[in-house]
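>
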Amino acid sequence: MEKRRERREVVKDPVSFEGKFGVGRGTTFNLSPGGCGLGSNTPVDLDATMRLYLHIPSQKSPLQVDRARVTWRAGNDFGVEFLSIDQTSKERLQDYIASLQSKVPPTDKS
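Here the sequence shown stands for residues 2 to 111, where the numbers follow the numbering used here.
(1) Who does PHE83 pair with in a DSSP beta bridge?
(2) Would you kindly report the start and end of the unbroken alpha helix (DSSP H) that includes LEU47?
(3) How long is the line joining the alpha carbons of ARG68 and GLU19, rounded to whole angstroms?
(4) Could you spell out where the beta strand (DSSP E) holding SER17 opens and where it closes?
(5) Just curious, the beta strand (DSSP E) that SER90 is in, first and last residue?
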């Protein structure tokens with residue numbers, strides 16, 4: 002398994018997605034600027050591509066990822082890499098992640 006390039010934030014937000022396999026819903030369990038992990042009862046294949054809609058708390062409309070690819074799966078969980086996301090959505094995602102990071106208490110370095 003390749004090492005992650007970015008820190009992932011722990012989240013529990015609704016997500017919906019669509020691809021050649023049909024449509025599905027699930028819940029994200031981690032999130033970074035480059036991808037997310039999610040759980041869903043919708044079966045997806047490794048390397049499947051999809052359009053993803055992240056339903057972020059306090060935002061009226063879902064954040065759209067135009068193209069994401071399944072990079073791993075285990076049971077009902079799978080991870081996706083964001084391949085194509087427009088600039089506005091990218092900025093919304095970065096703002097959301099920054100807000101999550103600001104709520105994390107500092108670690109004790111003693």
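No residue lacks a Cβ here, since even glycine has one placed at the ideal position from N, Cα and C.
In short, the structure shows the following:
(1) Numbered from its first residue, the sequence shown carries residue 83 at position 82. Answer is ALA69, bridged to PHE83.
(2) Stepping through the sequence shown from its first residue, residue 47 is reached at position 46. No alpha helix (DSSP H) contains LEU47, which DSSP labels as neither H nor E.
(3) The count along the sequence shown starts at 1 and reaches residue 68 at position 67. The count along the sequence shown starts at 1 and reaches residue 19 at position 18. Whole-angstrom Cα-Cα distance: 10 Å.
(4) As a position in the sequence shown, residue 17 is number 16, starting the count at 1. It spans 15-20 - the beta strand (DSSP E) in which SER17 sits, taken as one unbroken run.
(5) Taking the first residue of the sequence shown as position 1, residue 90 is located at position 89. Here SER90 belongs to no beta strand (DSSP E); instead the alpha helix (DSSP H) covers 88-103.
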